[in-house]
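Report on the following structure.
Number of protein chains: 2
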Amino acid sequence: MGSSANVPRRSFLQSTVAAGAAGLFLTGKESTAAEKSSATPAIQPGTTILFQGDSITDAGRKKDQGDTPNKQPGLGNGYAWMAASSLLTGPDGSSLTIYNRGISGNKVHQLADRWDQDCLVLKPNVLSILIGVNDIWHRLNGKYDGTVKTYEDDYRALLQRTKEALPDVTLVICEPFVLRCGAVNDKWFPEFDKFRASAAKLAKEFETVWVPFQSMFDEAVQYAPPEHWAGDGVHPSPFGASLMASTWLRTVQNA
Amino acid sequence: MGSSANVPRRSFLQSTVAAGAAGLFLTGKESTAAEKSSATPAIQPGTTILFQGDSITDAGRKKDQGDTPNKQPGLGNGYAWMAASSLLTGPDGSSLTIYNRGISGNKVHQLADRWDQDCLVLKPNVLSILIGVNDIWHRLNGKYDGTVKTYEDDYRALLQRTKEALPDVTLVICEPFVLRCGAVNDKWFPEFDKFRASAAKLAKEFETVWVPFQSMFDEAVQYAPPEHWAGDGVHPSPFGASLMASTWLRTVQNA
Chain A
152 MGSSANVPRR SFLQSTVAAG AAGLFLTGKE STAAEKSSAT PAIQPGTTIL FQGDSITDAG
212 RKKDQGDTPN KQPGLGNGYA WMAASSLLTG PDGSSLTIYN RGISGNKVHQ LADRWDQDCL
272 VLKPNVLSIL IGVNDIWHRL NGKYDGTVKT YEDDYRALLQ RTKEALPDVT LVICEPFVLR
332 CGAVNDKWFP EFDKFRASAA KLAKEFETVW VPFQSMFDEA VQYAPPEHWA GDGVHPSPFG
392 ASLMASTWLR TVQNA
Chain B
152 MGSSANVPRR SFLQSTVAAG AAGLFLTGKE STAAEKSSAT PAIQPGTTIL FQGDSITDAG
212 RKKDQGDTPN KQPGLGNGYA WMAASSLLTG PDGSSLTIYN RGISGNKVHQ LADRWDQDCL
272 VLKPNVLSIL IGVNDIWHRL NGKYDGTVKT YEDDYRALLQ RTKEALPDVT LVICEPFVLR
332 CGAVNDKWFP EFDKFRASAA KLAKEFETVW VPFQSMFDEA VQYAPPEHWA GDGVHPSPFG
392 ASLMASTWLR TVQNA
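Chains as they are written, first to last, in my numbering: chain A, 152 to 406; chain B, 152 to 406.
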């Protein structure tokens, strides 16, 4: 996998649940994961969780039901819904409020355009963002002229604005990922790795939780081919989405 | 839900992760869950895990690849594979050995017929069993004359035989479940509840981990209709399987 050529995969993945592994991708929040017993869990009774992002998060949700938390139509059919259904049926699940406001095709600047009504007004306690694949894909398609610098600058501004409006929010940055199949060819690399590195840099800078989806999928292709996880290389199958939900839950609940 | 009419749902579900809630479904293993810090986790580096059961576990696995652990074809497309993929890509995942030997249509006596080659010889450290829906369904269809007593007696004998051959195995009994849709009609009740109660009784008797799938789905139908989780009421959709995997992982990892 060209997308992880320079990163030791196993230690990278483990860095989300244990302190000690050094490097670019170890964020402040992860450093505290080993001290779980003294930390306050990110998801507690009464927590409001918001999933934000592009089509991978959207996953066919009913936009006209976006104001109704906790119900499948408004949460879609992807990793966000799968993680939500696990939380809702788990301990204290009925006390949670979970929204999904991902929109297909979104890049960072499009999140920013709708951030007041689709994030800040909801006052999430936990805000999970997965964004980046369109920021490179639409450029490769000639539909967009933003660069990795645009991505990082726009993303930083969005996070700053969020922290100012919601100083106590637990931020969760999900690593952008692709599988090497379908629409994803060699033209994506090494450019895509730079987008991942920018997301990781921001996770460190803002001391967010970091969900290592690319490293997870880099592990997963040992057990099933890339197409099993995402037919077109970008949009996860139910198996890819289920694995993402599981890793999201493990990472956020251990943060 | 007739299937859980006599059980307080929320406390039932929570009984798998915290001691305190009393009653039929609280097993010895669950009592120790609150003392996690001093207990040895069921799944450690090097653990061999075996999933056993019927079609819900089988989920289209390639029977000729049943001897190859950890790969998707031999593990199928259901909750067992989804739980396995999460474990395999998680911490110490590459040290695990995970098999699936579920077979569609199986009742308890058919597990017993193939137990030497499909369980004991594999020497699992963790053995997860989900069995029971065919024991009632085939009776309702007139294909089988076993009763709930047959189920319980056969299941007890199988567990005794397992404990004698593998005294250190961690047993995981999964609660048989149905959704109220598709093939599942009023004729199933209250008979089905007795099968669930027998499985729970055995979990207590053998101090196994207990995975409360029926109570999980009884919670889940608040958030999406029964058909979303299992179109025919018996065989989970990818959403049902993903939720099962998540609950299986949370329960077994907290046991």
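Don't be surprised by glycine CBs; every beta carbon is placed ideally from N, CA and C.
Whose C-beta lies closer than 7 angstroms to the C-beta of residue i among residues of the same chain, with five residues either side of it excluded?
i, result
"PRO307 (chain B)", "Checking the sequence, you will find Arg at residue 307 (chain B) rather than Pro. Only LEU353 meet the Cβ criterion."
"PHE346 (chain A)", "GLY283, ASP286, ILE287, VAL299, TYR302, PRO327"
"ALA371 (chain B)", "TRP380, LEU394"
"VAL259 (chain B)", "ILE282, ASP286, TYR302, ASP305, TYR306, LEU309"
"HIS289 (chain A)", "LYS258, TYR295"
Can you tell me whether DSSP reads residue i as helix, strand or coil?
i, result
"LEU309 (chain B)", "helix"
"THR298 (chain B)", "coil"
"LEU278 (chain A)", "strand"
"ILE287 (chain B)", "helix"
"VAL362 (chain A)", "strand"
"LEU322 (chain A)", "strand"
"HIS379 (chain B)", "helix"
"PHE368 (chain A)", "helix"
"ASN292 (chain B)", "coil"
"GLY103 (chain B)", "Outside the shown range of chain B (152 to 406) lies residue 103 (chain B), about which nothing can therefore be said."
"PRO387 (chain B)", "coil"
"ASN336 (chain A)", "coil"
"LYS345 (chain B)", "helix"
"LYS258 (chain B)", "coil"
"ALA392 (chain B)", "helix"
"ALA406 (chain A)", "coil"
"ARG265 (chain B)", "coil"
"ARG331 (chain B)", "coil"
"LEU317 (chain B)", "coil"
Let me see if you follow: with CB-CB separation under 9 angstroms, is residue i close to chain A or not?
i, result
"ARG331 (chain B)", "no"
"PRO196 (chain B)", "no"
"THR398 (chain B)", "yes"
"ARG401 (chain B)", "yes"
"SER393 (chain B)", "yes"
Does any residue of chain B bring its CB to less than 9 angstroms from the CB of residue i?
i, result
"SER206 (chain A)", "no"
"PHE328 (chain A)", "no"
"PRO192 (chain A)", "no"
"ALA210 (chain A)", "no"
"PRO341 (chain A)", "no"
"PRO389 (chain A)", "yes"
"ALA235 (chain A)", "yes"
"TRP232 (chain A)", "yes"
Any heavy atom of the ligand COA closer than 8 angstroms to the Cβ of residue i?
i, result
"PRO341 (chain A)", "The ligand content of the structure shown is nil, which means the ligand COA is not present either."
Going along the chain, which residues of its own chain have a beta-carbon closer than 6 angstroms to the beta-carbon of residue i, five neighbours each way excluded?
i, result
"SER206 (chain A)", "SER255"
"PHE328 (chain B)", "PHE364, GLN365, PHE368"
"ALA193 (chain A)", "VAL277, THR321, VAL403, ALA406"
"VAL335 (chain A)", "VAL329, GLY384"
"ALA392 (chain A)", "GLY229, TYR230, MET233"
"ASP337 (chain B)", "none"
"ALA210 (chain A)", "GLY227, ASN228, GLY229"
"ASP243 (chain B)", "PRO196"
"THR398 (chain B)", "MET367"
"SER279 (chain B)", "PHE202, VAL323"
Excluding sequence positions up to five away, which residues of its chain have a Cβ less than 8 angstroms from the Cβ of residue i?
i, result
"PHE390 (chain A)", "ALA375, HIS379, TRP380"
"GLN261 (chain B)", "ILE254"
"LEU239 (chain B)", "ASN221, SER245, LEU247, ILE249"
"GLY382 (chain A)", "CYS332, GLY333, SER388"
"PRO275 (chain A)", "THR199, ILE200, LEU201, TYR250, LEU317, VAL320"
"PRO224 (chain B)", "ARG212, LYS213, GLN216"
Legend entry - Under 7 angstroms (Cβ pairs) to chain A, residues found in the segment 215 to 230 of chain B: ASN221, LYS222, GLN223
Inset, instruction - Note down, in chain order, all residues in the segment 260 to 285 of chain B with a beta-carbon under 9 angstroms from any beta-carbon belonging to chain A. - result: none
Legend entry - Contact list for the segment 240 to 255 of chain B against chain A, Cβ threshold 9 angstroms: THR240, GLY241, PRO242, ASP243, GLY244, SER245
Inset, instruction - Would you mind listing the alpha helix (DSSP H) stretches within the segment 180 to 250 of chain B that are 4+ residues and don't spill past its ends, in chain order? - result: 206 to 209, 223 to 226, 230 to 240
Legend entry - Where the segment 357 to 386 of chain B meets chain A: residues whose CB sits under 7 angstroms from a CB there: MET367, GLU370, ALA371, TYR374, ALA375, HIS379
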